[in-house]
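Novice:
Protein chains: 2
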Amino acid sequence: MRKLEDCEQPTRTVTFFKRKLQDVIHKISTSDAAAGTVTSVDRTVCMAKTVRLMAEPKENVVMEKIVSLCKRRGFIYQSSEIYGGINGFWDYGPLGVELKRNVKELWWNVMTHQRDDVAGLDATIIMHPQIWKASGHVDTFTDPMIDCKTCKGRFRADQTSEIPCPQKPSKMVSECHGEKTAPRAFNLMFQTHVGPVQDDSTIAYLRPETAQAIFAQFKNVLETSRQKVPFGIAQIGKAFRNEVTPRNFTFRSREFEQMELEFFIKPDEVVEAISGRIEGPAPAGSSPEPQPGWGWEAWHKYWVEERIRFYEGIGLSRATLEEYWQKPEELAHYARATVDILFKFPFGTQELEGIAARSDFDLSQHARCSGKSMGVFDDELRGAWSKLEESKKKELGERYYKARLNYLTRTGMDAAEAEKQARGDSENLAKGQYIPHVIEPSAGVDRLILALICNAYSEDQMPDEKGKLETRVVLKFHPRVAPIKVGVMPLLKNKPELVRKALEVRDLLRPHMNVFYDDAGAIGRRYRRQDEAGTPFCVTIDFETLEGIKEGPLSGRKDTVTVRYRDDGRQDRMAITELVDFLVPKIR
Amino acid sequence: MRKLEDCEQPTRTVTFFKRKLQDVIHKISTSDAAAGTVTSVDRTVCMAKTVRLMAEPKENVVMEKIVSLCKRRGFIYQSSEIYGGINGFWDYGPLGVELKRNVKELWWNVMTHQRDDVAGLDATIIMHPQIWKASGHVDTFTDPMIDCKTCKGRFRADQTSEIPCPQKPSKMVSECHGEKTAPRAFNLMFQTHVGPVQDDSTIAYLRPETAQAIFAQFKNVLETSRQKVPFGIAQIGKAFRNEVTPRNFTFRSREFEQMELEFFIKPDEVVEAISGRIEGPAPAGSSPEPQPGWGWEAWHKYWVEERIRFYEGIGLSRATLEEYWQKPEELAHYARATVDILFKFPFGTQELEGIAARSDFDLSQHARCSGKSMGVFDDELRGAWSKLEESKKKELGERYYKARLNYLTRTGMDAAEAEKQARGDSENLAKGQYIPHVIEPSAGVDRLILALICNAYSEDQMPDEKGKLETRVVLKFHPRVAPIKVGVMPLLKNKPELVRKALEVRDLLRPHMNVFYDDAGAIGRRYRRQDEAGTPFCVTIDFETLEGIKEGPLSGRKDTVTVRYRDDGRQDRMAITELVDFLVPKIR
Numbered sequence: 000m001r002k003l004e005d006c007e008q009p010t011r012t013v014t015f016f017k018r019k020l021q022d023v024i025h026k027i028s029t030s031d032a033a034a035g036t037v038t039s040v041d042r043t044v045c046m047a048k049t050v051r052l053m054a055e056p057k058e059n060v061v062m063e064k065i066v067s068l069c070k071r072r073g074f075i076y077q078s079s080e081i082y083g084g085i086n087g088f089w090d091y092g093p094l095g096v097e098l099k100r101n102v103k104e105l106w107w108n109v110m111t112h113q114r115d116d117v118a119g120l121d122a123t124i125i126m127h128p129q130i131w132k133a134s135g136h137v138d139t140f141t142d143p144m145i146d147c148k149t150c151k152g153r154f155r156a157d158q159t160s161e162i163p164c165p166q167k168p169s170k171m172v173s174e175c176h177g178e179k180t181a182p183r184a185f186n187l188m189f190q191t192h193v194g195p196v197q198d199d200s201t202i203a204y205l206r207p208e209t210a211q212a213i214f215a216q217f218k219n220v221l222e223t224s225r226q227k228v229p230f231g232i233a234q235i236g237k238a239f240r241n242e243v244t245p246r247n248f249t250f251r252s253r254e255f256e257q258m259e260l261e262f263f264i265k266p267d268e269v270v271e272a273i274s275g276r277i278e279g280p281a282p283a284g285s286s287p288e289p290q291p292g293w294g295w296e297a298w299h300k301y302w303v304e305e306r307i308r309f310y311e312g313i314g315l316s317r318a319t320l321e322e323y324w325q326k327p328e329e330l331a332h333y334a335r336a337t338v339d340i341l342f343k344f345p346f347g348t349q350e351l352e353g354i355a356a357r358s359d360f361d362l363s364q365h366a367r368c369s370g371k372s373m374g375v376f377d378d379e380l381r382g383a384w385s386k387l388e389e390s391k392k393k394e395l396g397e398r399y400y401k402a403r404l405n406y407l408t409r410t411g412m413d414a415a416e417a418e419k420q421a422r423g424d425s426e427n428l429a430k431g432q433y434i435p436h437v438i439e440p441s442a443g444v445d446r447l448i449l450a451l452i453c454n455a456y457s458e459d460q461m462p463d464e465k466g467k468l469e470t471r472v473v474l475k476f477h478p479r480v481a482p483i484k485v486g487v488m489p490l491l492k493n494k495p496e497l498v499r500k501a502l503e504v505r506d507l508l509r510p511h512m513n514v515f516y517d518d519a520g521a522i523g524r525r526y527r528r529q530d531e532a533g534t535p536f537c538v539t540i541d542f543e544t545l546e547g548i549k550e551g552p553l554s555g556r557k558d559t560v561t562v563r564y565r566d567d568g569r570q571d572r573m574a575i576t577e578l579v580d581f582l583v584p585k586i587r
Numbered sequence: 000m001r002k003l004e005d006c007e008q009p010t011r012t013v014t015f016f017k018r019k020l021q022d023v024i025h026k027i028s029t030s031d032a033a034a035g036t037v038t039s040v041d042r043t044v045c046m047a048k049t050v051r052l053m054a055e056p057k058e059n060v061v062m063e064k065i066v067s068l069c070k071r072r073g074f075i076y077q078s079s080e081i082y083g084g085i086n087g088f089w090d091y092g093p094l095g096v097e098l099k100r101n102v103k104e105l106w107w108n109v110m111t112h113q114r115d116d117v118a119g120l121d122a123t124i125i126m127h128p129q130i131w132k133a134s135g136h137v138d139t140f141t142d143p144m145i146d147c148k149t150c151k152g153r154f155r156a157d158q159t160s161e162i163p164c165p166q167k168p169s170k171m172v173s174e175c176h177g178e179k180t181a182p183r184a185f186n187l188m189f190q191t192h193v194g195p196v197q198d199d200s201t202i203a204y205l206r207p208e209t210a211q212a213i214f215a216q217f218k219n220v221l222e223t224s225r226q227k228v229p230f231g232i233a234q235i236g237k238a239f240r241n242e243v244t245p246r247n248f249t250f251r252s253r254e255f256e257q258m259e260l261e262f263f264i265k266p267d268e269v270v271e272a273i274s275g276r277i278e279g280p281a282p283a284g285s286s287p288e289p290q291p292g293w294g295w296e297a298w299h300k301y302w303v304e305e306r307i308r309f310y311e312g313i314g315l316s317r318a319t320l321e322e323y324w325q326k327p328e329e330l331a332h333y334a335r336a337t338v339d340i341l342f343k344f345p346f347g348t349q350e351l352e353g354i355a356a357r358s359d360f361d362l363s364q365h366a367r368c369s370g371k372s373m374g375v376f377d378d379e380l381r382g383a384w385s386k387l388e389e390s391k392k393k394e395l396g397e398r399y400y401k402a403r404l405n406y407l408t409r410t411g412m413d414a415a416e417a418e419k420q421a422r423g424d425s426e427n428l429a430k431g432q433y434i435p436h437v438i439e440p441s442a443g444v445d446r447l448i449l450a451l452i453c454n455a456y457s458e459d460q461m462p463d464e465k466g467k468l469e470t471r472v473v474l475k476f477h478p479r480v481a482p483i484k485v486g487v488m489p490l491l492k493n494k495p496e497l498v499r500k501a502l503e504v505r506d507l508l509r510p511h512m513n514v515f516y517d518d519a520g521a522i523g524r525r526y527r528r529q530d531e532a533g534t535p536f537c538v539t540i541d542f543e544t545l546e547g548i549k550e551g552p553l554s555g556r557k558d559t560v561t562v563r564y565r566d567d568g569r570q571d572r573m574a575i576t577e578l579v580d581f582l583v584p585k586i587r
């Protein structure tokens, strides 16, 4: 199973990239291609952006420490490690899985439960292959690859002059001048076959993004959820991309998880027909209630702000993030605007999430390819339209017509047919019918987990039990995402009355939060272990718990414990009965 | 994409099965093959069992109603429906995804957070292919298939005399006497290729079960989680099986989700060396605390009881379940006992979960195939062993030796080598070293969701707004799993003060539970809609909320609401301030 991409040599490859792709680098922003929108982006360009962001030596030291901590403490392991691993696949260990679950749960809660206007979906990874034809992935989700007739290796067409040798991966083969085949498109979707026959008719793909299932099920959700446009459909799930060069730990892996929202809105022409005008976006930084008069631009800015607030709420301050607004020449033809939310990773400032205004492209594609209508009927539009002045009808109708014509023409449709269909679509406005537009906030779970770990990682000096300063590694997670919320510890393991009381405290807290009970070793060591796990609170049961506090204003009071804070090591004394009310608001 | 299995005709196929497989049916229990243990089971036998359980016409009517309700209310849709669907794949809609999330969350909570002795894991779906060699799936997870040289169809070898014609699927082709190829094994794992080259060296599989990742990562979790045997590793995730005949709605699909625990225990010889004896299982129906003296049998029964209690806790009473203890001749060679927990579906009594005592087979296989040790070191064993009488050492050592020899011989190992290795393993006991055994409770998420829906489905008579009895469809979910916990409704939509107050109640409850706000239509209709969605409570804000209760002991009191109960339509009057404390304990 040793394969070419397993032998990648980042440092030397970078040298090559820097030289070879110099001419495109200066054009490129700091953002990476938006997950879920990459189909329309030249991946060579993406690679170039990455080059610009490759880690400096000092940053690699930090990443090495983080990768090592992740393995040592059970956050992230290499998949199939006992068999030598499999490049681009990573498993989440006991702490990692809790961190990931917390993040996904918070996203789901904010995106669906705390709102009236979003419904959830959980679709399959393997879907009908036509979906990927309609989305464009079958035809354009590719890297250019060539074969070397001498060494039989297969390479990216833009990486042939200096590449690792397939026979001796430690060696670079720029000396290799074997005859190469012409470049051909290598599709990045994983392929399989459904059913007992393996031929072209049974090919299916592992989804390269979760978004398309939302579009394919749009009408089912609309009809069964009692939602009306504007509304969204949210989904969390695995996606797969057969990356030629997985890299930067879990940042770009072949199997990953996405959290995607498709928020369907009325086209501006419809908003204007109903509301009489288009309301502009709210001022940056504000988080207003959605308004009926909002056009796509206001909705887009609203979602950018909502998503940044989400990141703030789990511990990524605005100072750690960057907003990158894609330039007109970087946008896919159907996209009206795309904002990337970037995080400052040790290996460079890279994308966590893309928020794209994708027009009605996706629904239109599925309508065209499936032959099923993706339009909605809006009684309010029909009523409003009939009351418009003729000149307004004409103006709005013409704008809608042009947008539809632009889409239909780009599909390769015969000009006369495109005009006829666009005219029909425009005339449907009067009947209250239109195809919704969409705003797509699309986030990668694994890169967010990595961002949270990088952001939380810190080293400081703290006195050990004898008062001597020692370096402490601590993960300063926001308590909301911390894998373990509280460590519960009897001061000593061999005093049954301490242990009994500690178990009582554990059982008191457990229904409300994830508790780790630890009685092994010196208490200072146990605190350090929880620091490394990112546990925000430790509760210690000691002799004063049993016998009463020795001195001070609370002298004589029993059933109190020490609450120790991860970030600064400070300790408070607190009644056991106060613990739940003290801790619960901090972790939710 | 129209394929043979898409054209299956259950009724006629059943006729064939009944005749053809009559001779095996009587041997077979009511249970299906345990998810995760099916590799060792002849799948032809599984098919026969299914035949015996095929739905009777009356039961089909119930299933048809359930399938229709699932689509209509957004629990479950056919995957890729707008493209004609893809056989064996199902999507969860807005209500289905909430139901599924609740079930998974409850399982995770009970299995990990509420215990000290289980750690979580979240591994990739694509793993190193060696894992499936070690597990036996590459070699034995197969159906026998043959090709017809005349009609070019591919069929299961046991289904050739009466099968749907591949050209005209509506026609059965027992008249088709084309020459057939010899049967060959068709592997049920979905295959793909990782990396840019597609050849035998890059084949990878979609996992057909989640269990193997747990075994492969056993040592990593052991070393990083501070767990000691006995302890378990829990995982929830997708798995894939290229079933030739997916059937019974979501019960047997090609993409599904599993909740699996591998609970690692000491071999009986180790328990006996440390504790002096093996404690027997606790009496059936009891749920005792695990004991240090428990051997595999006690642990196995403990987990059977724990799992049944889990099902009871989410609304599946013992009366809806059956326990099936596999007979010795049904067990896989390495299994010591397997219990299937069955649910009485409308289409037959079928398996929800299998709980298998799998000895040290899995860890041994991975140790042998990876060359990495899967043994653990136990200081307590080493100490205890040194204090044993020689005769006891000999007796325990011999038992352990024989078990290891039995395993090693079955791997096809040369007899002398097997004896040498088994002797070495046995001698390691004195050093405190052994390979843990495992108890595996393995549940299917999708079939559990289907069981919950079937169990909840009921029709009754309830008066409409005019007092006339009408048939009501209601899903009587346990409040813990219900997708929506409470519907919040202003009595009338067009009274701003009612709406304002209702929104206040919504916002009061929303941080604690999933709330559905509904102001559209007559209140009776709105209740019925929530009945069909399985929402256990509705809260209605009416004029007495605003103006005070008109008569009775609470006369004049403001800010009260109606709480309406789904199951019997009864209504209580309650202060808004009491709602959270009233509802929260019922839904957790």
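Respectively, the protein sequence lines represent chains E and F.
The opening position of the first sequence corresponds to residue 0 in numbering that gives the first Met the number 0, with each subsequent residue numbered one higher.
The opening position of the second sequence corresponds to residue 0 in numbering that gives the first Met the number 0, with each subsequent residue numbered one higher.
The beta-carbon is built from N, C-alpha and C at its ideal position, and this holds for glycine as well.
1) At a cut of 8 Å, does the stretch 120 to 132 of chain F reach the stretch 78 to 96 of chain E through at least three beta carbon pairs?
2) For residue 190 of chain E, go through chain F and note every residue whose CB falls closer than 8 Å to its CB, in chain order.
3) Could you compute how far the alpha carbon of residue 533 of chain E sits from the alpha carbon of residue 247 of chain E?
4) To which residues of the same chain is residue 306 of chain E closer than 8 Å at the C-beta, ignoring the five residues directly before and after it?
5) Among residues of its own chain, excluding the 5 on either side of residue 73 of chain E, which ones have a beta-carbon nearer than 8 Å to its beta-carbon?
6) Among all the DSSP beta bridges, which residues are the ones paired with residue 536 of chain F?
7) Closest to residue 291 of chain F by C-alpha separation, out of F/540, F/257 and F/229, would be which residue?
8) Note down, in chain order, all residues in the stretch 473 to 499 of chain E with a beta-carbon under 8 Å from any beta-carbon belonging to chain F.
9) What are the start and end residues of the beta strand (DSSP E) that includes residue 348 of chain F?
10) For residue 183 of chain F, I'd like the list of residues in its chain whose CB is within less than 8 Å of its CB, leaving aside the five on either flank, ordered along the chain.
11) Starting from residue 241 of chain E, find everything on chain F with Cβ-Cβ shorter than 9 Å and list it in chain order.
12) Which word fits residue 542 of chain E, buried or exposed, when buried means at least 16 other C-beta atoms lie within 10 angstroms of its C-beta?
13) Check whether the Cβ atoms of residue 559 of chain E and residue 574 of chain E sit closer than 7 Å, and answer yes or no.
14) In three-state DSSP terms, what is residue 338 of chain E?
15) According to the neighbour-count rule (16 or more other Cβ atoms, all chains shown, within 10 Å of its Cβ), is residue 332 of chain F buried or exposed?
16) My understanding is that residue 361 of chain F touches residue 437 of chain F, with C-beta atoms under 8 Å, so please give their C-beta distance in whole angstroms.
17) Assuming residue 565 of chain E contacts residue 530 of chain E (C-beta within less than 8 Å), just tell me the rounded distance between them.
18) Is the CB of residue 589 of chain F under 7 Å away from at least one CB in chain E?
19) Could you check what DSSP says for residue 331 of chain E in three-state terms: helix, strand or coil?
20) Can you name, in chain order, every residue of its own chain whose Cβ lies under 7 Å from the Cβ of residue 422 of chain E, other than the five neighbours on each side?
21) In whole angstroms, what separates the C-alpha of residue 416 of chain E from that of residue 404 of chain E?
22) Report yes or no: is there a C-beta of chain F within less than 7 Å of the C-beta of residue 385 of chain E?
23) Could you check the C-alpha separation between residue 281 of chain F and residue 395 of chain F for me, to the nearest Å?
24) Output, in sequence order along the chain, the residues in the stretch 98 to 123 of chain F whose CB is closer than 7 Å to any CB in chain E.
25) Going by beta carbon distance, what residues of the same chain come within less than 8 Å of residue 444 of chain F, once the five residues before and after it are set aside?
26) Going by CA-CA distance only, name the one from F/112, F/190 and F/97 that's closest to residue 128 of chain F.
Specialist: Checking against the coordinates, here is how it stands:
1) yes
2) 191 and 192
3) In a straight line, the C-alpha of residue 533 of chain E is about 22 Å away from that of residue 247 of chain E.
4) 340, 352, 354, 440 and 442
5) Setting aside the 5 residues that flank it on each side, residue 73 of chain E is surrounded in the same chain by 92, 93, 94 and 95, each with a C-beta closer than 8 Å to its C-beta; the list follows chain order.
6) F/485 and F/564
7) That would be F/229, whose Cα lies nearest to the Cα of residue 291 of chain F.
8) For the stretch 473 to 499 of chain E, there are no residues whose beta carbon sits under 8 Å from a beta carbon of chain F.
9) 347 to 356
10) Spatial neighbours of residue 183 of chain F in its own chain (CB-CB distance under 8 Å, excluding positions within 5 residues in sequence) are listed in chain order as 143, 144 and 145.
11) 191, 192, 193, 194 and 195
12) Residue environment: residue 542 of chain E is assigned as exposed (fewer than 16 neighbouring CB atoms within 10 Å of its CB, all protein chains considered).
13) With contacts defined by Cβ atoms closer than 7 Å, residue 559 of chain E and residue 574 of chain E form a contacting pair.
14) strand
15) exposed
16) 6 Å
17) 6 Å
18) Shown here, chain F extends from 0 to 587; a query on residue 589 of chain F therefore has no answer.
19) coil
20) 400
21) 10 Å
22) no
23) 24 Å
24) Listed by position, the residues of the stretch 98 to 123 of chain F near chain E (Cβ gap below 7 Å) are 99, 112, 113, 115, 118, 119, 120, 121, 122 and 123.
25) 99, 102, 103, 235, 255, 256, 257 and 258
26) F/190
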